[in-house]
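*Asks:*
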Amino acid sequence: MKELKKTIERAWDERSLLSSPEVKKAIDAVIDALDKGKLRVAEPTGNGEWQVNEWVKKAVVMYFPMQQTADI
C-alpha cells in the first residue's frame, strides 16, 4: 500500500503523469481495493471520530478523467 500511496501522491502533484501506465495501474488497484472493501476513503478511528485517507480520495478523483464517458 505504501508504494500505491506514493504513486498516487506523485500523480496528484504532477497531473501529466495520469497518462503513465504505472499511474493508471495504481489508480485501478486503489479502485479495486475499494470495491473489495480492503480500503476506505474514510474510516472510524475507534474513538468516535473518522479519519479521511486523503491519498485514496485523490485516487478516486483522478479515476474519473481516466474513464471514457458516454451518454445514457
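According to the numbering used here, the residues represented by the sequence shown are 31 to 102, in order. Beta carbons: idealized from backbone N, C-alpha and C, even for Gly. Just so it is clear, the structure is predicted and the values come from calculations on it, not from any experiment.
If you run the structure through DSSP and keep just helix, strand and coil, what is E44?
*Replies:* coil
*Asks:* Determine whether the beta carbon atoms of V71 and V82 lie at a separation below 9 angstroms.
*Replies:* yes
*Asks:* Give the straight-line distance between the Cα atoms of G67 and K87, rounded to the nearest whole angstrom.
*Replies:* 15 angstroms
*Asks:* Using C-beta distances below 7 angstroms, list every residue in its chain close to V60, excluding the 5 sequence neighbours before and after it, in chain order.
*Replies:* L34, I38, L69, V86, A89
*Asks:* In the DSSP assignment, what are the bridge partners of Q81?
*Replies:* E73
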